[in-house]
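Protein chains in written order, with the numbering used here: chain D, 1 to 229; chain X, 1001 to 1229.
Number of protein chains: 2
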Amino acid sequence: MPADGDMHRSEGAQPEDASLPTHERVYRRLRNLILWGEIAPGQPVTIQGLTERLDAGMTPVREAIRRLIAEGALDFQGNRRVSVPELTAAHLDELIYARKALDSRLTEMAFSHITASDIEGLEEIDAALDRAIAAGDIRGYLDLNHRFHSRIYTLARASILTDLAEGLWLRFGPSLRVVCGRVGTQNLPDLHKQAIAALRRGDPTGAAHAMEQDVVQGMEVVRTALSTG
Amino acid sequence: MPADGDMHRSEGAQPEDASLPTHERVYRRLRNLILWGEIAPGQPVTIQGLTERLDAGMTPVREAIRRLIAEGALDFQGNRRVSVPELTAAHLDELIYARKALDSRLTEMAFSHITASDIEGLEEIDAALDRAIAAGDIRGYLDLNHRFHSRIYTLARASILTDLAEGLWLRFGPSLRVVCGRVGTQNLPDLHKQAIAALRRGDPTGAAHAMEQDVVQGMEVVRTALSTG
DNA sequence: CATGGCCTGATTTGATCATATTCTGATGGA
DNA sequence: TCCATCAGAATATGATCAAATCAGGCCATG
């Protein structure tokens, strides 16, 4: 009977706050630190430094670091040295290729499962994204842009490809923030509306193509910013 | 002075024996256990079981498991349960798509750097692979086939795409062994010679296409074996 | 009286920490 | 310039604590 059980679910502000194991919490916090550029690329990462900064024991920190290394978000430089990797032009080419392949395919797959309310959800995110751009809210733009793509991944119900795609965000995310600080929000690409329109009209190939273009344009902004920086 | 230290290097057969950190050694051994199907898909993996089996402390085992979970080689099923994931038809579709995209692209990129001696190295591996097929040596076939692809990845000098591609091997490797036990080695695909010929004649697109076909055919063998099993 | 669900406690397993050990990189003297 | 010493950080262990699973018995019910 559903009378008891499942009480006081409301406590905790962020969804990350629940009584998850410490290593999981440390992992997420550290990942966000990296993703939001609060640990700059090239900067070394020490275990003991993190135990203080995150107020956690060594074992959880250690596991979080290993995990992020495996995901490519951190770089293990042989001699016990760990740092946030810096994005090179060559790496960017690889990332563009992989993201094109993954995001377009996932968009195509999402079409098979998508419902009208799913599309509305995407439009909501995109509308919020427009507001963030108009307001010059860079952090909001980055967050919502990621959320838009991430939502599509979820709809595709393709766990492996989603894993791969999310993993790529960890690799260029740290540089995104640096880059956007220089570029501003005025001419950021947003082909999301084209993708949504294609989904609505029942054109998965068109949607996939639009998303692919969105990815390319976004990554090209990064490239120019990197080369001029 | 090299007089002392570094004595009796000869013990231990594999090259994995060197004085690497324990967590690294544990990681590799565990990865091989998974890759060679010695831990069957679906079978649970416990930390304490591995500390005994691999004769290591808890911390290194723990780190190795986290790493393999992050790489998708192990599956963390909510409540502390860790196991080798089982390959479904849907997962196989995703893997085929990703491998097609990655292997073909990496072959193309390898062409830019490839030398005559590199090609000879590939031919050597492929010749050994033929011998393994003729001898019905399944394990040898699997090992050499992986080595062939892996060599190409190395030549491409694309660290991110290589990471992704190697990660995929961890996902279907465990099932490969099971599958090949049923199929035998007679009609295993080997389009490597076409790829090598294309590389030799200076045709990167042809080489990429050949490798893509090789991947597809190999994965299709897995698919039929999975569906009939 | 037999059966099935539920509860409880024992055991297994995971999570975390404090600590000992080893290794790296740097510094300073020969 | 090179080597030895030294500080500091990472690696690794085992102990301890907490959580979850499983088994077996109890009670209610048919």
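The beta carbon of each residue, even a glycine, is placed where N, CA and C say it ideally should be. These numbers come from a predicted model, not from an experiment.
| DSSP-derived helix/strand/coil call for Asp1137/X | coil
| query | Rounded to a whole number of angstroms, what is the C-alpha to C-alpha distance between Thr59/D and Thr1059/X? | reply | 7 Å
| message | Out of Thr1115/X, Ile1133/X, Leu1054/X and Ser1175/X, which one is the CA nearest neighbour of Arg1151/X? | response | Thr1115/X
| message | Please confirm whether Glu1052/X has its beta-carbon closer than 7 Å to some beta-carbon of chain D. | response | No, Glu1052/X does not count as interfacial toward chain D.
| said: Contact criterion: CB-CB distance below 7 Å. Does His91/D meet it with respect to chain X? | reply: yes
| said: Given this structure, state the Cα-to-Cα distance separating Gly1078/X from Ala98/D, to the nearest angstrom. | reply: 29 Å
| request: Would you mind working out which of Glu1124/X, Ala1110/X, Tyr1153/X and Gln1043/X sits nearest Val1084/X, comparing C-alpha positions? | output: Selected option, being the one with the closest Cα: Gln1043/X.
| said: Judging by CA-CA distance, which residue of Ala156/D, Gly136/D and Trp169/D is the nearest neighbour of Pro204/D? | reply: Ala156/D
| task | Pull up the CB-CB distance for Arg144/D and Leu122/D, whole angstroms please, since I reckon it's below 8 Å. | result | Sequence check: residue 144/D is Leu here, not Arg. Incorrect: roughly 11 Å between the Cβ atoms, too far for contact.
| field | Cβ neighbour criterion (16 or more within 10 Å) applied to Thr1088/X | value | exposed
| Minimum Cβ-Cβ distance from Leu226/D to chain X less than 7 Å | no
| Which residues DSSP lists as bridging Ser1083/X, in chain order | Paired residue(s): Pro1044/X and Asp1075/X.
| At a cut-off of 6 Å, is Leu106/D close to the ligand GDP when judged by its beta-carbon and the heavy atoms of the ligand? | Absent from the structure shown: the ligand GDP. Ligands present: none.
| Contacts around Val179/D, its chain only, beta-carbon distance under 6 Å, and the 5 residues preceding and following it disregarded | Val222 and Ala225
| said: Any C-beta of chain D within less than 7 Å: which residues of the region 1081-1109 of chain X qualify? | reply: Taking 7 Å as the upper bound on Cβ-Cβ separation, chain D lies near residues His1091, Glu1094, Leu1095, Tyr1097, Ala1098, Ala1101 and Arg1105 of the region 1081-1109 of chain X.
| Taking Cβ-Cβ distances shorter than 8 Å, what residues in chain X pair up with Gly72/D? | Ile1160 and Asp1163
| chain D contacts made by the region 1058-1071 of chain X, where a contact means CB separation under 7 Å | For the region 1058-1071 of chain X, the residues whose beta carbon sits under 7 Å from a beta carbon of chain D are, in order, Thr1059, Arg1062, Glu1063, Arg1066, Arg1067, Ala1070 and Glu1071.
| Is the region 1068-1077 of chain X close to the region 66-77 of chain D, with three or more CB pairs under 8 Å? | yes
| field | 7 Å Cβ shell around Ala1158/X - same chain, five flanking residues per side excluded | value | Leu1106 and Met1109
| field | Backbone secondary structure at Trp36/D - three-state DSSP | value | coil
| said: To the nearest angstrom, how far is the alpha carbon of Thr1228/X from that of Glu1086/X? | reply: 15 Å
| request: With distances taken Cα to Cα, identify the nearest neighbour of Glu124/D among Ile196/D, Glu94/D and Leu33/D. | output: Nearest option by C-alpha distance: Ile196/D.
| query | Between the C-alpha atoms of Tyr1153/X and Asp93/D, what's the straight-line distance to the nearest angstrom? | reply | 16 Å
| Ends of the alpha helix (DSSP H) at Pro204/D? | Pro204 to Thr228
| task | Compute the distance between the beta-carbons of Leu1102/X and Ala1165/X, then report whether it is under 7 Å. | result | yes
| request: List the residues of chain D whose Cβ lies closer than 7 Å to the Cβ of Arg1171/X, in chain order. | output: At a beta-carbon threshold of 7 Å, the residues of chain D lying near Arg1171/X are Ile160, ordered along the chain.
| Rounded separation between Asp1004/X and Leu1020/X - CA only | Unreliable positioning characterises Asp1004/X in this predicted model, as indicated by a pLDDT of 34, which lies under 50. The coordinate reading is nonetheless provided below. Cα-Cα distance, rounded: 19 Å.
| Near Arg1200/X, what residues of its chain come up, given a Cβ to Cβ distance below 7 Å and the 5 sequence neighbours on each side ignored? | Ile1119
| In whole angstroms, what is the alpha-carbon distance linking Leu1168/X and Ala1198/X? | 25 Å
| said: Please list the terminal residues of the continuous alpha helix (DSSP H) segment that includes Leu1092/X. | reply: Start and end: Ala1089 to His1113.
| request: Buried or exposed for Ala131/D, please, with buried defined as at least 16 other CB atoms from any protein chain shown within 10 angstroms of its CB. | output: As written in the sequence, residue 131/D is Arg, which differs from the Ala given in the question. Label assigned to Arg131/D: exposed.
| said: Only counting the same chain, and skipping five residues up and downstream in sequence, which positions put a Cβ closer than 7 Å to that of Leu1176/X? | reply: Leu1142 and Val1222
| Can you tell which of Leu1035/X, Val1061/X, Arg1029/X and Thr1046/X has the C-alpha that lies nearest to the C-alpha of Arg1080/X? | Thr1046/X
| Beta-carbon spacing of Ala1056/X, Thr1022/X below 7 Å | yes
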